[in-house]
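These notes are about the structure you will find just below.
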Amino acid sequence: MTQVNINVHYVTRVEGHGNLVLNAKDGKIEKLMWEVPESPRLFEAMLVGRHFDDVHHIASRICGICSIAHTTASIQATEAAFGVKLSEQTILLRKLLYHAEMLESHVLHTIMLAAPDFLGVESVIPLASTHKDVVVLALRMKKLAYKLAEALAERKTHPLSCVVGGFAKLPDPAKLSALKKELLDAYKDMDVVVGLFKTLKIPDFVRDTEYIALQDAKEYAFINGMIASSDAPAVKIDDYLKVTNEFVVPQSTAKYTRNKRDAYQVGALARFNLNSKLLSPKAKKAAKELGLTAPNHNPYMITVAQVVELWHVLEDSVNIIDRLLEKGIKDEPLNVKPKAGRGVGAVEAPRGILFHDYTYDANGIVTKANCIIPTNQNHNNIQKDLEFIVPKILNKSDAEITLLMEMLVRAYDPCISCSTHALQVEIKR
Amino acid sequence: MKPKVAFFDFTSCEGCQLDVLNLTGEELLDLLNAVEIVNFREAISRRDDDYDIAFIEGSVTREAEIPRLQKIRAQAKILVALGACACIGGVNALKNNLKMDEALKMVYGNDAKQFDTIPARPINAVVPVDFYIRGCPVQTGEVVKVIKALLLGRKPEIPNYPVCTECKMAGNICVYELGKTCLGPVTRAGCSAICVSGGRHCWGCRGLVDEPNINSQKDILEKYGLSAERIIDKFKIYNTYTEVQK
Chain A
118 MTQVNINVHY VTRVEGHGNL VLNAKDGKIE KLMWEVPESP RLFEAMLVGR
168 HFDDVHHIAS RICGICSIAH TTASIQATEA AFGVKLSEQT ILLRKLLYHA
218 EMLESHVLHT IMLAAPDFLG VESVIPLAST HKDVVVLALR MKKLAYKLAE
268 ALAERKTHPL SCVVGGFAKL PDPAKLSALK KELLDAYKDM DVVVGLFKTL
318 KIPDFVRDTE YIALQDAKEY AFINGMIASS DAPAVKIDDY LKVTNEFVVP
368 QSTAKYTRNK RDAYQVGALA RFNLNSKLLS PKAKKAAKEL GLTAPNHNPY
418 MITVAQVVEL WHVLEDSVNI IDRLLEKGIK DEPLNVKPKA GRGVGAVEAP
468 RGILFHDYTY DANGIVTKAN CIIPTNQNHN NIQKDLEFIV PKILNKSDAE
518 ITLLMEMLVR AYDPCISCST HALQVEIKR
Chain B
15 MKPKVAFFDF TSCEGCQLDV LNLTGEELLD LLNAVEIVNF REAISRRDDD
65 YDIAFIEGSV TREAEIPRLQ KIRAQAKILV ALGACACIGG VNALKNNLKM
115 DEALKMVYGN DAKQFDTIPA RPINAVVPVD FYIRGCPVQT GEVVKVIKAL
165 LLGRKPEIPN YPVCTECKMA GNICVYELGK TCLGPVTRAG CSAICVSGGR
215 HCWGCRGLVD EPNINSQKDI LEKYGLSAER IIDKFKIYNT YTEVQK
């Protein structure tokens with residue numbers, strides 16, 4: 118009789134806490150569970166009663182790694198509720214700030230958190246001696262992302278200057294000009310990153326699922342557009358509840374979601390599958406070189422889709438800076454008047470679509486709030502992936518099974534600190 | 015032998031750990047030369063329970079976190095609170111203003127009963143803390159300064175004067191002159207008044223100075239014809255726990 122008992126208590130190299138449990142006996146799986154035991158932080162309840170000027174400041178603290186995504190979704194929900202019109206300059210600055218977070222988060226995830234698995238080491242630290250050039254360039258690109266965010270919003274983690282209606286402080290054009298040069302210099306680094314990922318052996322598991330992401334007719338959408346699905350026509354962001362259909366499960370403090378099938382996936386691969394035609398030229402070229410074509414149904418390719426998006430973010434940031442400098446950055450008054458009503462903000466956080474939904478009274482005080490984070494939308498799909506993959510790998514050693522399970526969860530780049538959190542693997546057999 | 019350092023996260027957004035990971039290449043490599051990191055769940059797979067210095071991010075908001083924190087305290091020679099959630103409770107303590115069962119129901123509906131949650135507390139409400147690195151998020155410069163001081167066996171110097179002092183040095187126009195409220199006059203400095211420099215105001219994330227001049231804060235409000243209500247509302251964002259203790 119053979120027994121497999123794997124219990125990974127707290128999967129490492131992810132944000133937040135999550136556990137993986139696998140119990141198998143004589144080749145039969147008795148228990149296979151992705152558990153999310155994070156503390157409920159109750160942000161939605163804490164936002165009730167707060168003044169709109171404090172709301173995005175608090176909402177940013179839902180997550181330190183995607184604080185720009187939460188801040189942006191929060192600001193846009195408030196703007197939608199108040200009917201605020203934005204200038205082209207504000208939209209450009211907001212997109213550029215958004216790219217800073219996408220750049221930092223994707224570099225952190227692809228090179229520092231996910232790549233060690235492919236290279237057979239426990240973390241990025243040993244890579245500092247074996248792949249020093251890659252680690253140095255990752256730190257350089259992260260630093261560049263921080264500098265970009267600092268030029269626009271004083272800091273990256275919990276940004277300051279982006280507010281409801283626009284920017285409380287405008288960036289120095291000379292700084293943007295200098296950053297454009299650094300972004301162009303980073304093109305060389307991207308060639309190295311793509312080169313590295315070309316050599317990595319990505320586990321090959323194909324499981325078709327529903328893919329959901331923001332979609333816009335004109336651009337590869339991160340902070341605008343409608344909610345698109347691989348299985349159904351796009352819907353307005355105000356109708357997000359028709360897509361998310363949340364439900365509570367016993368193994369998690371996080372709420373699960375489903376739409377047209379029993380689960381759906383959000384994140385870089387969903388965005389790529391739905392919007393790849395709108396990627397920048399170098400991003401398209403990188404996708405081709407990395408063997409990524411839409412639609413792709415291998416969850417381990419999420420990390421590769423992030424590498425492709427890195428190219429898009431670099432090229433689009435350069436374009437945005439060109440446009441800002443050509444127009445000249447002008448002081449614009451913030452024109453915000455509170456109004457009673459509801460507003461929804463939807464953005465693509467690095468790890469997938471994120472919704473903030475607020476109802477305000479006439480004084481600009483929140484009376485109701487709801488946030489649905491991308492990782493929670495992926496939990497259910499991760500569970501379905503595990504149920505598909507694990508039976509195919511049960512003949513492998515505990516160490517190999519654990520690694521493949523952990524790599525799967527890590528591919529989703531889970532950010533479980535968001536309001537509730539996830540990773541711990543338990544195998545019993 | 016290099017001192018062994020561990021990082022642990024409790025209830026938080028994990029932004030402070032992330033900013034530690036964002037030390038510039040040189041600082042990070044210097045740090046790795048000086049200490050051995052044995053436990054840092056967000057960044058490495060290694061999990062070693064033999065360490066000298068423990069950094070704790072986050073507040074205590076679940077019963078299960080109390081024995082976990084006590085175990086870390088028993089092992090660590092030096093315990094450092096990292097960030098506002100660990101030092102003063104931070105935004106997590108906002109929920110202490112709510113009736114917990116109602117708040118749970120608001121967020122999770124009728125399935126709420128399955129969750130273990132208690133009012134948020136800073137870590138010094140559970141175990142003794144040796145040093146504090148304040149702010150939401152922490153300043154990476156201050157993290158380096160504190161680690162260097164610990165390695166040299168010195169007490170790290172953290173300012174105990176209000177943010178206004180640094181704000182003036184940063185050349186900012188006083189927020190009150192712009193007709194808005196600000197917690198700078200009573201909040202502990204060390205942040206270079208970054209929020210005001212970014213076009214905003216001080217939110218009090220570093221906690222109060224040891225002897226806050228509350229009368230002077232009242233005088234300022236009176237001078238500018240502002241109500242205390244809105245400033246108390248702002249104060250609660252990071253300092254609900256402190257306020258409730260009084």
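Chains as they are written, first to last, in the working numbering: chain A, 118 to 546; chain B, 15 to 260.
Note that CB positions come from ideal geometry on N, CA and C, so glycine has one too.
Computed from a prediction, not measured in an experiment: that's the story for all the values here.
DSSP three-state assignment for residue i, whether helix, strand or coil
i      : result
M118/A : With a pLDDT of 45 at M118/A, under the threshold of 50, the predicted position of this residue should be treated as unreliable, though the coordinate-derived value follows. Of the three classes helix, strand and coil, the one that applies to M118/A here is coil, per DSSP.
V140/B : coil
P10/B  : Missing from the structure shown is residue 10/B; chain B here goes from 15 to 260 and no further.
V160/B : helix
C181/B : helix
M15/B  : coil
I510/A : helix
Y337/A : coil
L112/B : coil
K260/B : Bear in mind that a pLDDT of 48 at K260/B, under 50, signals an unreliable position, so the number given afterwards is only what the model happens to contain. Three-state DSSP puts K260/B in coil, outside helix and strand.
H223/A : helix
I217/B : Residue 217/B is actually Trp in this sequence, not Ile. If DSSP states are grouped into helix, strand and coil, W217/B belongs with coil.
T247/A : helix
F284/A : strand
R167/A : coil
I182/A : coil
V153/A : strand
A141/A : strand
L503/A : helix
Contact under 7 angstroms by Cβ, residue i with residue j
i      : j      : result
G212/B : L277/A : yes
C532/A : C180/A : yes
L386/A : M418/A : yes
A242/B : A207/B : no
N413/A : F322/A : no
I123/A : D502/A : no
H216/A : S434/A : yes
I489/A : Y529/A : no
V238/A : M229/A : no
I354/A : A466/A : no
V252/A : L244/A : yes
T492/A : T227/A : no
A95/B  : Y146/B : yes
G282/A : N480/A : no
P151/B : H275/A : yes
L511/A : L300/A : no
L197/B : G218/B : yes
L471/A : L209/A : no
E50/B  : K18/B  : yes
Which residues DSSP lists as bridging residue i, in chain order
i      : result
E267/A : Paired residues: none, contrary to the question.
H473/A : G462/A, C488/A
I419/A : For I419/A, which the question treats as bridged, DSSP gives no partner whatsoever.
C150/B : The partner list for C150/B (beta bridge, DSSP) is empty, contrary to what the question assumes.
M343/A : Q332/A
C279/A : F284/A
A217/A : In DSSP, A217/A forms no bridge with anything.
R202/B : P176/B
D7/B   : As shown, chain B starts at 15 and ends at 260. That puts residue 7/B outside it, with no answer to give.
Reference residue i; option with closest CA among the options
i      : options                        : result
C209/B : V19/B, C178/B, T131/B          : C178/B
A411/A : A380/A, Q368/A, Y328/A, K335/A : Y328/A
A400/A : W428/A, N376/A, G384/A, N390/A : W428/A
G155/B : I172/B, A48/B, L166/B          : I172/B
K250/B : L222/B, D64/B, Q31/B           : L222/B
S177/A : R324/A, V138/A, H473/A, K372/A : H473/A
K145/A : E504/A, A197/A, M524/A         : E504/A
K237/B : F22/B, T195/B, V200/B          : T195/B
C101/B : S73/B, R202/B, Q153/B          : S73/B
L149/A : P157/A, L139/A, K402/A         : L139/A
I187/B : C216/B, R202/B, K159/B         : C216/B
L261/A : K509/A, P233/A, A295/A, K286/A : A295/A
Self-check item: the region 477-496 of chain A touching the region 149-168 of chain A, judged by at least three CB pairs closer than 8 angstroms
Solution: yes
Practice problem: Answer yes if the region 202-210 of chain A comes into contact with the region 241-257 of chain A, meaning at least three C-beta pairs across the two stretches below 8 angstroms, and no otherwise. | Solution: no
Quiz item: Do three or more CB pairs link the region 350-369 of chain A to the region 442-454 of chain A at distances below 8 angstroms?
Solution: no
Quiz item: Are there three or more Cβ pairs, one per stretch, closer than 8 angstroms when the region 85-94 of chain B is compared with the region 140-155 of chain B?
Solution: Cβ pair count under 8 angstroms is three or more, so yes.
Self-check item: Three or more C-beta pairs below 8 angstroms linking the region 363-377 of chain A and the region 298-305 of chain A
Solution: Under the 8 angstroms Cβ criterion, the region 363-377 of chain A does not count as touching the region 298-305 of chain A, having fewer than three qualifying pairs.
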